[in-house]
Amino acid sequence: MEIKKMNEQENTLEIKNLVIHYISDEEVVKAVNGVDIIIKAGKTLGLVGETGAGKTTTALSILNLVPEPQGKILSGEVLLEGRSVLTMSELELEEIRGDKVAMIFQDPMTSLNPVHTVGAQIAESIEIHRKVSKEEALKQAKEMLELVGIPGERSNEYPYQFSGGMKQRVVIAIALTCSPDLLIADEPTTALDVTIQAQVLKLINELRRKYHMSMLMITHDLGIVAEVCDEVSIAYAGRIVEHGTLEDIFDNLRHPYTKGLFDALPDIEIRRSELKPIKGLMPDPTNLPSGCPFHPRCDYVMEVCSQSLPENKWLSETHCVQCHLYKDTNESRL
Amino acid sequence: MDEVVKKYTTRKEFFKQYKKKSRLQETWNRFLRNKMAVIGLFIFIFIVLVAITAPIIANYDTEAIKINVPNRLKAPSTEHIFGTDEMGRDIMARIVHGARISLVVGFASVALALFIGGALGAIAGYYGGKIDDVIMRCMDVFLCLPDVLLALAIVAAFGTNLVNMTIAIGLSFTPKFSRVVRSAVMTVRGIEYVEAARAIGSTNTHIITNHVLINCFGPIVVQVTLYVASAILTISALSFIGLGIQAPIPEWGNMLASGRAYMRDHAYIVMAPGLAIFVTILSLNLLGDGLRDALDPRLK
Amino acid sequence: MFKFIVRRLLAMIPVILAVTFVVFTIMYFTPGDPTNTILGNEWTEDASAKLKTELGLDQSFLVQFFNYTKNLIQGDFGMSYITRAPVSEQLLARFPNTLKVVAGAMLFCVGLGVPIGVFSGVKPYSLFSNFTMVVGLLGVSLPIFWLGLLLILLFSVQLGWLPSSGIDGFASLILPSVALGANYMANIMRTTRSSMLEVIRQDYIRTAKAKGVNARNVVLNHALQNAMMPTVTVIGMNIGALLGGVVLTETVFSIPGTGRLLVEAINKRDTPTVLGCLVIMAVCVAVSNLVVDIVYAYMDPRIKAQYGGGKG
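Residue numbers (my numbering), protein chains in the order written: chain A, 107 to 440; chain B, 4 to 303; chain C, 5 to 316.
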C-alpha cells in the first residue's frame, strides 16, 4: 500500500478554471464560474460553502457526470493524475469511475438501487474493475461490508431493510471497494442523524488513511473540515473565494465570507453569545450580482466591489484569496 | 437532477409567492405555455361551437334524417363536403348533429358519475376506517367489470335510449371517480387547515364541502376532462355495436356501423365519423394532460 | 410466494361472487318476460307458467341467485333461452378465440410499447423520442373500432395482405391484435417513457454511473426494473379495458368470440348467455389482475419480502 502513493509530489487532482452552467430554454443557472482546485496525493481538501455554491457540480465534473443535457462545461480542465477527464472517451471514463475516483453521495436514502441487494451493488463495482467472477465479487463485497461495520451475511438484504446510517455505510463500501486514488465525499453526513454523523465520518477517515487515498470532502460544516482536512477551499457562487491550509483558514482567515462562516458558528465557550448569521441570501445563480458576487452581503463592501471581480491573490505559498481588500496588502483587514 | 437546480427551483417558487399572483392565474399561465394543451382547448371549443350552432349549419330533419335515395353514396364534393351516406343523407349534417349527442351524453354521464362517485369517494376518504373499507370494496367489485361491459349490461337490461345510456355510462364510471376523489380527499385531509377547521369545531359536512372538496378541485377537473373523452368513446362504441343510439338518429358510432358495409367501395363513408370521434377524444386528452401538468408542475 | 398466490386466489372468490351478484341483479330486473323470448309464437299462459317453473323463474330473487351460483361453481352456466343448449358449451367454443385476440393484443402492446418507451425515455430529447410522443398521443385517442376499419381498408381492401375477418391462423390475428392493442400500446409506451425519464435522474442511477457501469447496463440492470413498476401497474389497470375492447374488435373483424356472443345474446334477450359472458370476463379480469400483482411482487423486493417470498 505504501508503494502505491510513493510519489508525493504528484497532484491527484487538478481543476483549472472550471465553468459549468445549466442551460435550459427558460434560464441559465451559473453553477460553477471558474473554480481552481488542487489535491495533492494522499491529502484531503475540504470544499466548503453554502448550498448552491456549486460544490456538487464541481465534484460531478471530476467523474464527468454533470447532468446532461442541461449541464454544460463551458471551459476549464479537470486533470486526474495528469489525465484530462473532460476529453476522455466514454470507455475510458467507465474505467476510471469507481476505480480511480469514487464518490460518496449526499443522500444515502436515494443513492442505492431499491431492487438490488446491497451485496450485489457493492459486487458490481468489483466485477467491472477487477474482472473477477460474480461469486468472487460477492465474496469480496461481503468482506467490504464487514469493513464498514455491517455483518457480511446482510449482503443479501435490500436497501429498504437498512437504516440511513447503515445505507451510508453501504454507499461508502461501494465507493471504497476498488480502493480509488481519489475519494469524493459529497456532504456524506448531512442526511444522517447527529449521533450517526460522527461514526460515519470516523469510518471514512480511517479507511482513507488505511488506503492512502486523496479525498475531496465537500461540506458546509467547518467542524468536519477541522477534523479531516489538510487544506480548505471556500466556495461562494461558483468560485473559490479563499484557499489555504487548515491553519491559514482557521487561524488566519482573510475573506469576509470566510469570516462570516466562522461567525455563524455557535461558540460553546461563550454560551450567551448570539449567533451572527451572514445577512441576506445566496445570490440567485441565474442572476449573479455584478463584480464580486458577495458584495451585496459583505460588511466590508467598497465601491470597486460592485464594479469588478477581484483577482486571485496569493498571500503566501499556501494561502490565496479573491477579495478587493487585499489589492495592496497581505495583512488581514477584517 | 443536480442539487443546485433543485434548490434553485424551490427558491424561485418561494419568490413567486411574493408576486401576489393568485394560484389560479399562475396555473392558467402554465397552461397557456403548453402549446399542445392550447391547441386541444381550441379544437374542443370549436367542437362545442359546432354542436351549439348545429341547427344553423344544417337542418336536422331535411338534411340529417330524411332519406334521399337518389342522392346516396355521393363522394365528397363542394355540395357535400364529406359525401353522402347509404341513405343519401349529408354526412356533414349528420356529424354536426351527432356532436350534440356525444357532448350532451358525455358530459351528463360524467356529471352523474362525479356526483355519485364523488360523494361516495369523499365520504370514504374523509371518514376512513370501516366506512372506507366497505365503500371501496364495493367499488372494487364494479372495477372488476370493464366499464364498457358494465354499460353494456345496464343498456341490455333497460333498453337502448338516450337516458338509459347516460345512466349506464355514468354508473360504469362511478367507481373510478370515487377512487379519484377518495385519494384527493385523503391527501387533503391531513393538511393543517383541515385540522384547524376541525379544531375550531366545524361540522364534518361543512369541512367536506368547504375545505376538502374545494381543494380537490384540481385533480377532479383533470379527471372530468379525461373521462368525458372516455364517455364519448363509450357512446360511440355502444352505438357501433348496435346497443347505443339507434338509427336514424345521427351518432358517430352508428354512422360508422351503418357505413361499414359500404366502405370497400366508398371508403370516405367511414372517414368523417371516425375522424370526428378521434379529434374530439384527442382534443380532450390534450386538454386533460395540459391541465394536469399545469395544476401539478412536478408531475411533468 | 406460494402462500401469496393462494391467498390472492382465495380473495378472488368473494369478488367474483359479488360481480356475479351485481350482474345477476341487473339482468334480473330486465323488463319483459323471458318466456316470450323462448316460446315466441307458441306462447300461451299455461306454457309460460310451466316453463317458468321448469326454469325456476317463479322462485324469489335470492333463491334464483343461490341456485345460479350453486350451478356456477359446478361449471354450469345454465341453459340458453334461444338455443336451449348449455351456455357453457357456447362459452367453451367461443372463449379460446377471445383469448387469442387478447393475447395477441397484449403481445403487441407490451412487446412494442415497453422497448419504445424505454428508448424514448433514455434519450428524451431525440427526434425518435419526440416522434414516439406524438404517436403515443394520437394512439391513446384512436377509437378501436375506427382503427379496425382503417386497418381493414388499408391491409385487406387496398393491399390485400391480410384477411379482414374470421379467425384462421396467425395472419388473421394480426389486424385484430393491432386494433385492440393500439390504445394500450400507446398508453404503455407513454407510461414507460415517463417513468424511465423519472428513474434515469434518480440518485441511484448516478451511483451506478459513478461505479463505472456502462450506459447499456445502467439502463438494463439499474433503470429498467424500477421503471417497469408503473408500467406493470398500467398494464394491470388496462386489462379490464382490453377485455371490454374485445367486444368491439370482434364486431369489427367478425370474430366468433365471447364479445360477439355477448352482443348477440343481448340482442336476442338471452339472459343466461349474457350472464355467462359477463361472469367469464369478470373472472378473466380478476385472474389477470392476480398475474399482474404477482409480477409486481417479483419486481419489488419490499412486496416480495412481505409475503415471505423466495430469497434475493
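Glycine residues also receive a C-beta, built at the ideal position from the N, C-alpha and C atoms.
Identified DSSP bridge partners for A/Leu288: Here residue 288 of chain A refers to the residue found at position 182 when the first sequence is read from its first residue. For A/Leu288, the beta-bridge partners assigned by DSSP are A/Val207 and A/Ser320.
According to DSSP, residues forming a beta bridge with A/Thr150: As a position in the first sequence, residue 150 of chain A is number 44, starting the count at 1. For A/Thr150, which the question treats as bridged, DSSP gives the partners A/Met321.
Alpha-carbon spacing of C/Val4 relative to C/Met233, whole angstroms: Given that chain C is displayed from residue 5 to residue 316, the structure contains no residue 4 of chain C and the question cannot be resolved.
Coarse secondary structure for B/Thr163, derived from DSSP in three states: What you label residue 163 of chain B is simply residue 160 of the second sequence in a count that begins at 1. DSSP places B/Thr163 in coil when its eight states are reduced to three.
Same chain, Cβ closer than 6 Å to C/Thr41, five either side skipped, listed in chain order: Position 37 of the third sequence, counted from the start, is the residue given in the question as residue 41 of chain C. Once the five neighbours on either side are set aside, the close Cβ partners of C/Thr41 are Tyr85 and Arg273.
Residue of C/Lys74, C/Ala219 and C/Thr211 minimising C-alpha distance to A/Thr216: For this step, residue 216 of chain A is matched to residue 110 along the first sequence. Selected option, being the one with the closest Cα: C/Thr211.
Boundaries (first-last residue) of the alpha helix (DSSP H) holding C/Gln229: Position 225 of the third sequence holds residue 229 of chain C. Counting along the chain, the alpha helix (DSSP H) containing C/Gln229 begins and ends at Leu228 to Val256.
Distance CB(A/Met388)-CB(A/Glu156) smaller than 8 Å: For this step, residue 388 of chain A is matched to residue 282 along the first sequence. For this step, residue 156 of chain A is matched to residue 50 along the first sequence. Yes, the pair counts as a contact, with Cβ atoms nearer than the cut-off.
Neighbour list for B/Ile244 in chain C, Cβ cutoff strictly below 7 Å: Position 241 of the second sequence, counted from the first residue, corresponds to residue 244 of chain B. In chain order: Val251, Leu252, Thr255 and Val267.
Beta-carbon proximity list for A/His425, same chain, < 6 Å, skipping 5 on both sides: Here residue 425 of chain A refers to the residue found at position 319 of the first sequence. If we look at A/His425 and ignore the five residues flanking it on each side, its Cβ neighbours are Gly350 and Asp354.
Beta-carbon spacing of C/Asn230, A/Val221 below 8 Å: Working through the third sequence from its first residue, we reach residue 230 of chain C at position 226. Working through the first sequence from its first residue, we reach residue 221 of chain A at position 115. A contact, by the Cβ cut-off of 8 Å.
Through-space distance from A/Ser130 to A/Gly177, alpha-carbon basis: Sequence index remark: in the first sequence, residue 177 of chain A carries index 71 (1-based). Sequence index remark: in the first sequence, residue 130 of chain A carries index 24 (1-based). Near 9 Å, if we compare the C-alpha coordinates of A/Ser130 and A/Gly177.
Contact belief for A/Ala281 with A/Leu288 at Cβ below 8 Å, rounded distance in angstroms: Sequence index remark: in the first sequence, residue 281 of chain A carries index 175 (1-based). Sequence index remark: in the first sequence, residue 288 of chain A carries index 182 (1-based). Between A/Leu288 and A/Ala281 the Cβ distance is about 10 Å, and since that is not below 8 Å, they are no contact.
Under 9 Å (Cβ pairs) to chain B, residues found in the region 126 to 159 of chain C: Of all residues in the region 126 to 159 of chain C, those with a C-beta nearer than 9 Å to a C-beta of chain B are Leu141, Leu142, Val144, Ser145, Leu146, Pro147, Ile148, Phe149, Trp150, Leu151, Leu153, Leu154, Ile156 and Leu157, reading in chain order.
Euclidean distance between Cα positions of A/Lys316 and A/Gly148: The residue labelled residue 316 of chain A in the question sits at position 210 within the first sequence. The residue labelled residue 148 of chain A in the question sits at position 42 within the first sequence. Taken atom to atom, the span from the alpha-carbon of A/Lys316 to that of A/Gly148 is near 11 Å.
Contact check, C/Ile192 vs C/Gly117, beta carbons under 8 Å: Residue numbering aside, residue 192 of chain C sits at position 188 when the third sequence is read from its first letter. Residue numbering aside, residue 117 of chain C sits at position 113 when the third sequence is read from its first letter. Taking 8 Å as the Cβ cut-off, C/Ile192 and C/Gly117 qualify as a contacting pair.
Distance CB(C/Tyr188)-CB(C/Cys288) smaller than 8 Å: For the purposes of this step, residue 188 of chain C is taken as the residue at position 184 of the third sequence. For the purposes of this step, residue 288 of chain C is taken as the residue at position 284 of the third sequence. It is not a contact, given that the beta carbons lie outside the stated cut-off.
Any C-beta of chain C under 8 Å from that of A/Pro218: Within the first sequence, residue 218 of chain A is the residue found at index 112, counting from 1. According to the sequence as given, residue 218 of chain A is Leu; it is not Pro. At least one chain C Cβ lies under 8 Å of A/Leu218.
A/Ala370 - DSSP class collapsed to helix/strand/coil: Counting from 1 along the first sequence, the entry for residue 370 of chain A is found at position 264. If DSSP states are grouped into helix, strand and coil, A/Ala370 belongs with coil.
Chain B within 8 Å of C/Ala15, Cβ atoms only: Indexing the third sequence from 1 puts residue 15 of chain C at position 11. Answer no: the Cβ-Cβ gap between C/Ala15 and chain B never drops below 8 Å.
Complete runs of the beta strand (DSSP E) confined to the region 6 to 92 of chain C [at least 3 residues]: none
Contact under 8 Å by Cβ, B/Ile70 with B/Arg97: Numbered from its first residue, the second sequence carries residue 70 of chain B at position 67. Numbered from its first residue, the second sequence carries residue 97 of chain B at position 94. No; because the gap between Cβ atoms is not below 8 Å, this pair is not in contact.
Residue-level contact to chain C via CB, A/Ile234, 8 Å cutoff: For the purposes of this step, residue 234 of chain A is taken as residue 128 along the first sequence, with counting starting at 1. Chain C, which has a Cβ nearer than 8 Å to the Cβ of A/Ile234, makes this yes.
Anticipated Cβ contact below 8 Å, B/Phe161 with B/Val113, distance rounded: Counted from its first residue, the second sequence places residue 161 of chain B at position 158. Counted from its first residue, the second sequence places residue 113 of chain B at position 110. That pair is no contact at about 19 Å.
Residues sharing a beta bridge with A/Tyr128, DSSP: Position 22 of the first sequence, counting from 1, holds the residue named residue 128 of chain A. Answer by DSSP bridge pairing, in chain order: A/Val135 and A/Gly177.
Distance cut-off 7 Å: B/Arg36 Cβ against heavy atoms of the ligand ATP: Inclusion of the ligand ATP in the displayed structure is not the case, the ligand content being empty and no account of it being possible.
Nonlocal neighbours in the same chain, by C-beta distance under 7 Å from A/Lys365, ignoring five residues either side: The sequence position of residue 365 of chain A within the first sequence is 259, counting from 1. Excluding residues within five positions, the ones whose Cβ falls inside 7 Å are Leu359 and Leu440.
Proximity test, Cβ basis, 8 Å: C/Ala231 and chain A: If you number the third sequence from 1, residue 231 of chain C lands on position 227. No - not a single Cβ of chain A is within 8 Å of the one on C/Ala231.
8 Å Cβ cut-off: residues of chain C touching A/Ile280: Residue mapping note: residue 280 of chain A aligns to position 174 of the first sequence, counting from 1. Under the 8 Å cutoff, chain C gives Thr211 and Lys215.
Chain-ordered chain C contacts of A/Glu196 [CB-CB under 9 Å]: What you label residue 196 of chain A is simply residue 90 of the first sequence in a count that begins at 1. Per Cβ cutoff of 9 Å: Asn218 and Ala219.
Selection from A/Lys122, A/Phe211 and A/Val135 that minimises the alpha carbon distance to A/Ile278: Numbered from its first residue, the first sequence carries residue 278 of chain A at position 172. The option with the nearest alpha carbon to A/Ile278 is A/Phe211.
Distance between beta carbons of A/Leu166 and A/Ile324, contact taken as under 8 Å: Stepping through the first sequence from its first residue, residue 324 of chain A is reached at position 218. Stepping through the first sequence from its first residue, residue 166 of chain A is reached at position 60. Taking C-beta atoms under 8 Å as the contact rule, A/Ile324 and A/Leu166 fail to qualify, at a distance of about 11 Å.
Buried or exposed (CB count within 10 angstroms, at least 16 for buried), B/Thr228: In the second sequence, counting from the first residue as 1, residue 228 of chain B sits at position 225. When all chains shown are included, B/Thr228 counts as buried.
Stretch-stretch touch, CB-based, cutoff 8 Å, three pairs: the region 239 to 246 of chain C with the region 250 to 262 of chain A: no
Residues sharing a beta bridge with A/Cys426, DSSP: Within the first sequence, the letter at position 320 stands for residue 426 of chain A. A/Cys426 is bridged to A/His349 and A/Trp420.
Within chain B, partners of C/Met31 - CB distance below 9 Å: Within the third sequence, residue 31 of chain C is the residue found at index 27, counting from 1. Those are Ala156, Ala159 and Ala160, listed as they occur along chain B.
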